[in-house]
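Below: the structure, in structure tokens.
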Amino acid sequence: LKHLCYWAAGRGQQDISQSSFGDISDTVLFAHGAGNLIIAKALQSGVCNLAPSSNWFEVQDGDHLSRMAKWNRDFCEEVANDPDGATLDAALDEAAAKRLELMGTGAPKSWESEERRQEWYSWRTTWQSSFSD
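Position in the sequence shown (from 1) plus 4 gives the number in the working numbering.
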């Protein structure tokens, strides 16, 4: 939700740790499928707002979302009850921090240098292999 509002309302110019990002203005939001659920939740929770100068076009057939809702509920329940959940959360936080560190001043849009990008891919490969059993 925050990422949607960060880019749609803040145009990537605000601090992503903010609790809200104001109005999405002069924008056409065109969303398909689950993207509509993300937009709806962001607007409903007040992370951002849709200004009168913007429009939201919702495109979907609905059937796949019904199946997706059950899968999401089951997945979230499984993850919430996973004894290794905290370890996985910590590992994902580590990866996110490392990526930002290596992106440098270009984050989140571009790599500071090709060398830093290659260093990320090397680090990520090693990191991913640490999860193999």
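Using N, Cα and C, we set each Cβ at its ideal position, and we do this for glycine too. The model shown is predicted, which means the values in this text are computed figures rather than measured ones.
Excluding its 5 nearest sequence neighbours in each direction, Arg-120 has C-beta neighbours in its own chain below 8 angstroms: Leu-106, Met-107, Gly-108, listed in chain order. Here the alpha carbon of Thr-91 sits roughly 17 angstroms from the alpha carbon of Lys-102. Burial check for Ala-46: the Cβ neighbour count within 10 Å reaches 16 or more, so the residue is buried. The C-beta separation of Ala-55 from Ile-43 comes to about 14 angstroms, leaving the pair out of contact by the 8 angstroms criterion. Measuring C-alpha to C-alpha distances from Ser-57 to each of Ala-73, Asn-76, Ile-28 identifies Ile-28 as the nearest. Bridge pairing for Phe-34: Phe-61 [DSSP].
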